[in-house]
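Chemist: First residue of the sequence shown? That's 183 in this note's numbering, and the numbers climb one at a time after it.
Could you have a look at this structure, given as structure tokens, before my questions?
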Amino acid sequence: MRNLRLLKSLRYSELQGLGMPQCFSVRTDTGTVLIASEYSVTKMDQ
183 MRNLRLLKSL RYSELQGLGM PQCFSVRTDT GTVLIASEYS VTKMDQ
């Protein structure tokens, strides 16, 4: 359930310009989400 809450807290507008998301990973120790695209890996804090 915590993973869903983290994903819901991300706003779509924050992800624009990063390219098409290819995969994501939730870091439970820090409460962050890592999103990988064809251009970069981006860390999103909760």
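Backbone N, C-alpha and C define an ideal beta-carbon position, used for all residues, glycine too.
This one's a predicted model, so the numbers in the text were calculated from it and none came from an experiment.
Output the distance between the C-alpha atoms of residue 223 and residue 213, rounded to the nearest integer angstrom.
Modeler: The straight-line gap from Cα to Cα measures roughly 16 Å.
Chemist: Between residue 221 and residue 215, what straight-line distance do the alpha-carbon atoms span, to the nearest angstrom?
Modeler: Those two C-alpha atoms are separated by around 17 Å.
Chemist: For residue 207, which residues of its own chain have a beta-carbon under 6 Å away from its beta-carbon, when the five flanking residues on both sides are left out?
Modeler: Excluding positions up to five away in sequence, the list reads 216.
Chemist: Excluding the five sequence neighbours on either side, which residues of its own chain have a C-beta within less than 6 Å of the C-beta of residue 225, listed in chain order?
Modeler: Around residue 225: 214, 216.
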